[in-house]
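Just add 45 to the spot in the sequence shown (first one is 1) and you have this note's numbering. Backbone N, C-alpha and C define an ideal beta-carbon position, used for all residues, glycine too.
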Amino acid sequence: MKIAVLTSGGDSAGMNAVVRSVVKIGILRGCETWIVREGYEGLVRGNTQDYVPYDAPLADPIAAKRARGGVKSAIFENLRFGDGDLLRDGTLDHPNGRSLKGRYIVRAGFDDVRGWFAEGGTLIGTARSKAFRTQEGRLAGAHNLVKEGIDALVVCGGDGSLTGADIFRAEWPTLIDTLLAQGLITQEQHAKHGHLRIVGLVGSIDNDMSMTDLTIGAPTALQRICEAIDNINSTAASHSRAFVLEVMGRHCGWLALLAGVSAGADFIFIPEKPPQANPWEDEMCEAIQRHREVGKRKTIVIVAEGAHDANLQPIRAEYVKDVLSERLGLDTRVTTLGHTQRGGRPCAFDRILPTLQGEEAVKALLESTPNTPSYMIGVRENKITRVPLIEAVAMTKAVADAIAAKDFAKAMSLRDPEFLQSLDNFLTTSTLYKEKQLTPDKRMRVAIMHIGAPAGGMNAATRAAVRYCLKQGHTPLAVHNGFRGLLDDLIHELSWLGVDGWTARGGSELGTNRTLPDVDLGAVASRFQEHNFHALVLIGGFEAFNALLILENGRKHYPSFNIPMVHLPATISNNVPMTEFSLGSDTSLNALVDACDSIKQSASASRNRVFVVETQGGKCGYIATMGALATGASLVYTSEQGMDLDLLRQDVKFLKIRYGLDAKGRSEGRLVIRNECASSVYTTDMVTKMFKEEGGTLFDSRSASLGHTLQGGVPSPMDRARAARLSLRCMAFLEEHHDRLQLQPSRVKTAPPESAAVITIQGSALKWVPVQEMVKHADMKNRRGKKLWWAGIKDLVEALSGRSELL
46 MKIAVLTSGG DSAGMNAVVR SVVKIGILRG CETWIVREGY EGLVRGNTQD
96 YVPYDAPLAD PIAAKRARGG VKSAIFENLR FGDGDLLRDG TLDHPNGRSL
146 KGRYIVRAGF DDVRGWFAEG GTLIGTARSK AFRTQEGRLA GAHNLVKEGI
196 DALVVCGGDG SLTGADIFRA EWPTLIDTLL AQGLITQEQH AKHGHLRIVG
246 LVGSIDNDMS MTDLTIGAPT ALQRICEAID NINSTAASHS RAFVLEVMGR
296 HCGWLALLAG VSAGADFIFI PEKPPQANPW EDEMCEAIQR HREVGKRKTI
346 VIVAEGAHDA NLQPIRAEYV KDVLSERLGL DTRVTTLGHT QRGGRPCAFD
396 RILPTLQGEE AVKALLESTP NTPSYMIGVR ENKITRVPLI EAVAMTKAVA
446 DAIAAKDFAK AMSLRDPEFL QSLDNFLTTS TLYKEKQLTP DKRMRVAIMH
496 IGAPAGGMNA ATRAAVRYCL KQGHTPLAVH NGFRGLLDDL IHELSWLGVD
546 GWTARGGSEL GTNRTLPDVD LGAVASRFQE HNFHALVLIG GFEAFNALLI
596 LENGRKHYPS FNIPMVHLPA TISNNVPMTE FSLGSDTSLN ALVDACDSIK
646 QSASASRNRV FVVETQGGKC GYIATMGALA TGASLVYTSE QGMDLDLLRQ
696 DVKFLKIRYG LDAKGRSEGR LVIRNECASS VYTTDMVTKM FKEEGGTLFD
746 SRSASLGHTL QGGVPSPMDR ARAARLSLRC MAFLEEHHDR LQLQPSRVKT
796 APPESAAVIT IQGSALKWVP VQEMVKHADM KNRRGKKLWW AGIKDLVEAL
846 SGRSELL
């Protein structure tokens, strides 16, 4: 099979990762891979010049491979084709003098896309093609694909680009018949190309495609917005100003909504849910005035560029500024972020997600038949999904149609469920409610405690829980310094304004340590009784899981533990059993990516250098493995797989072959990621020295230990948004079980086992797992789950580096 990949529409971070993934995985699956430059416009223009693939500068790569022990396959024959390095250098002319101008469909080799995913935008170019919107243009595109023998196409773009892909596929039989009738293709070509395989991947910073939780580029764009708001916050607070920010989103308010949740905005305007008050100015001013009355010094209002009122009249940032200035007397400024939201290096998630989706796209192409639909590759929670492309496009258009018809309830229903939850989360955490909604018998005294090592998102989760408590009439009680602080009676009631700026704060504002309640279980029970706790929220990692288990076991001896208790996983190690994500792990991966990009830059400047990078994570290799995938590491060592002499011998052999195959003068630095507990014998220092000794004249090595820098500074927007969402689900869980306990007739309430649970993300769903059930799935000795969803990623990392083919 010959697979071509193109990027179309607007650019977004992560598109290069898609191209890299499709090219490398395609070659590993035995396919030829091609790139189409300049999107659909390049497909229409095709190749106007004859093209002779250039030879790699390496004189005889086959002989070089034989000299180093041979390889399993001929994958690296493809090193001699493509112009990826030239594109990355910004020129279209080959050093040998053969011009590549007029070439829009180019074969790509394994190394042509090396290092691409760390670049923003799209290196193969994108353009909005008027020609492709016509049948004549699509006929030219079909002819160009047939001429090159390409029978499969991966399109990465927005809903317009994917609509074009679906139309192209539907018209393909007619286009092929027309080409044959016009004598432009032979009967043999007609028979061979009767079916075009197409797969779509959504590249859109707006996150406006239905039937997927996230689109490629949206996490990076959200990060750019939150970075800007975090910087603005200090100025706003210093001068007691209001800022109105305009963000992208013509038909979708995802960026404005998630930025509002993640950055603690006061008010937002999104297309799907315009303000209901008439006039809307009253609703906004009333909410902001309440915040100012309790002492808030800053005001942040976020306006999506497609925002409008209930009558579809546009709401402009400048007008919002005038309202705030004139009606509330606030010193107000407007900031339009514009295309800065698109730019910059992709965040970790925008490297990992496109890589996994690219792998799934190649699988879908290989499995495609004339009877199967064209698929769009999406994601639900942590599960890569395939959905019919035509259905996703139709549902996306239906949202715009519903908005145009002023049917905003339908527009919201057509968005994914997480969108509606996020809007509810924003309203809960941003608005200061005057009235208590629950009757006194339903109100709770909720203790909130951080356990274990600090992680990004802990404070955001606490803020969300506190504001939900105050909205419902509960009393939020902060327990400082974990169970030690509980025993020392370091407990106080939290206020709405007191947690206002916590979303952007890293670490733990409450303080945390690893002390477990069994240090003095009786005294802990006494404190529960003394402060009349009705519910407990534990935010932390494996220690929090252990603490919840101890408290649940203690219920038979201490009645004060018979209250609903919940564990919200928060740890950079992501080692809590049965959940696929923990708060802080995304922040940690971003910190690792930032560090490794700098390290790789140094390694590349020194050319033949290997950096052995040590990561945290205890005996859980999640950060090392996913970090290796996000940074393009050549090798990864984890505690789960372990290390031995045979493995190290093979890895040295691989590095020698790999550096030997690099074109002269084009070698690069490489990364090896090692989890801190991968081996107690083969330490980072020992492995570094061994590589240096064995590398000889081919390469040398250095080491870098990232240590506690991986805890990160400012939490990522993904961790902040997920913290708010999970925290509010925890509060709903506590309310439900508190109400059940209140219905028990006895004076001494007996809480059932399911009232002490952990909130988990499993595949495409959120699930509550009783802590006793969790034990069955936990490796208590190594402090991690028995089943690890990411275990196979190590093989993918090393396959993408070529290790599996070279050994």
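Give me the Cα-Cα distance between residue i and residue j, rounded to the nearest whole angstrom.
i	j	result
Phe126	Ser649	In this prediction, Phe126 scores a pLDDT of 39, lower than 50, which makes its location untrustworthy; the coordinate-derived value is nonetheless stated afterwards. Near 22 Å, if we compare the C-alpha coordinates of Ser649 and Phe126.
Val50	Cys201	8 Å
Ile595	Lys821	15 Å
Asn682	Ile496	In the sequence under discussion, the amino acid at residue 682 is Tyr, which differs from the Asn named in the question. Each residue's Cα considered, the two are about 28 Å apart.
Gly59	Thr78	19 Å
Thr430	Glu597	37 Å
Gln646	Ser206	34 Å
Asp745	Gly687	24 Å
Ser813	Gly830	In the sequence as displayed, the identity of residue 813 is Trp instead of Ser. The alpha-carbon atoms of Trp813 and Gly830 are separated by roughly 16 Å.
Ile6	His188	Outside the displayed range of the chain (46 to 852) lies residue 6, so it cannot be described from this structure.
Thr728	Gly567	42 Å
Trp834	Ile230	47 Å
Leu637	Leu755	6 Å
Ala549	Ala640	20 Å
Gly808	Asp258	12 Å
Asn577	Pro604	12 Å
Asn276	Gln268	12 Å
Gly298	Asn278	22 Å
Between the beta-carbon of residue i and the beta-carbon of residue j, is there less than 8 Å?
i	j	result
Ala301	Ile345	no
Asn635	Cys271	no
Gly403	Ile70	yes
Ile838	Met671	yes
Met819	Pro622	yes
Val247	Ala406	no
Val658	Leu751	yes
Glu83	Ala197	no
Phe699	Leu851	yes
Gly203	Ser174	no
Tyr513	Leu773	yes
Ser684	Ala723	yes
Ala769	Ala409	no
Ala62	Pro399	yes
Phe656	Ile668	no
Leu706	Asp696	no
Pro264	Asp354	no
Trp553	Met503	Per the sequence presented here, residue 553 reads as Ser, with Trp not at that position. Yes, they are a contact pair.
Ile493	Thr484	no
Arg178	Glu216	no
Arg378	Arg286	yes
Glu86	Ala176	yes
Arg390	Gly165	yes
Report the partner residues of residue i according to the DSSP bridge assignment.
i	result
Met494	Val524 and Leu583
His612	Leu583 and Val803
Pro815	Ala802
Leu771	DSSP output for Leu771 lists no bridge partner at all.
His353	Pro359
Val244	Val199 and Tyr420
Arg853	Outside the displayed span of the chain (46 to 852) sits residue 853, for which this structure offers no information.
Asn11	It is not possible to answer for residue 11, since the shown part of the chain is limited to 46 through 852.
Arg918	Since the first residue shown for the chain is 46 and the last is 852, residue 918 is missing from the structure and cannot be characterised.
Thr52	Cys201
Trp325	For Trp325, which the question treats as bridged, DSSP gives no partner whatsoever.
Ile617	In the DSSP output, where bridge partners are listed per residue, Ile617 has none listed.
Q | Within the region 204–232, ranges of the alpha helix (DSSP H) (whole runs, at least 4 residues) | A | 204–226
Q) Is there contact here, the region 520–531 with the region 552–565, by at least three beta-carbon pairs under 8 Å? A) yes
Q) Which full runs of the beta strand (DSSP E) of 3+ residues lie inside the region 254–307, going along the chain? A) 287–292
Q: Within the region 533–596, note down every full alpha helix (DSSP H) run reaching 4 residues or more, in order along the chain.
A: 566–575
Q.
For the structure I just gave you, are there three or more beta carbon pairs, one from the region 250–258 and one from the region 210–225, closer than 8 Å?
A. no
(Q) I'd like the ranges of any alpha helix (DSSP H) spanning at least 4 consecutive residues and lying wholly in the region 657–727. (A) 667–676 and 690–706
(Q) In chain order, what are the residue ranges of uninterrupted beta strand (DSSP E) at least 3 long that sit wholly in the region 367–440? (A) 377–381, 420–425 and 428–433
Q: Check whether the region 368–387 touches the region 289–300, counting contact only when three or more Cβ pairs, one atom from each stretch, lie closer than 8 Å.
A: yes
Q) Looking at C-beta atoms only, is the number of pairs between the region 179–194 and the region 159–166 that lie closer than 8 Å three or more? A) no
Q. With a cut-off of 8 Å, do at least 3 Cβ pairs link the region 577–586 to the region 602–616?
A. yes
Q. For the 8 Å Cβ check, are there 3 or more pairs between the region 586–594 and the region 466–474?
A. no
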